[in-house]
Amino acid sequence: MLTDRVARQGGVGGAQMKTTVRNLRIRDDTAKYLRNLNPNSAYYDPKTRSMRDNPNPELNPEDTTYVGDNIARFTGDTQKLAL
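Going letter by letter, the sequence shown gives residues 141 to 223 in the numbering used here.
As structure tokens, this is what we get:
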């Protein structure tokens, strides 16, 4: 009886919970803006939470865990459609 009422009211979870969870990052992950604190490194845009360029271009991309957000933007058919 109590569980029916909670489910009907949108209690545990609901639309509010989905929005909150989507905007959080896993705390074990290092924040993008903390990967390279050099002021001349890649620019972090706090509004979109994106860092387009690689913050550590001197390192081998295969050895790093993050190489920038542009790597995901230019995959698949994106290059074919841009021409």
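Virtual Cβ for every residue (Gly too), placed ideally from N, Cα, C.
Anticipated Cβ contact below 8 Å, ASN194 with ALA182, distance rounded: 6 Å
Residues near TYR184 by beta carbon distance below 7 Å, same chain, minus five either side: Within the same chain, TYR184 has close Cβ partners LYS172, TYR173, MET191.
Opposing strand residues paired with SER190 [DSSP bridges]: DSSP output for SER190 lists ASP185 as bridge partner(s).
LEU177 (DSSP reduced to helix, strand or coil): coil
CB contact flag (ARG175, TYR206, <8 Å): Yes, these two residues count as a Cβ contact at 8 Å.
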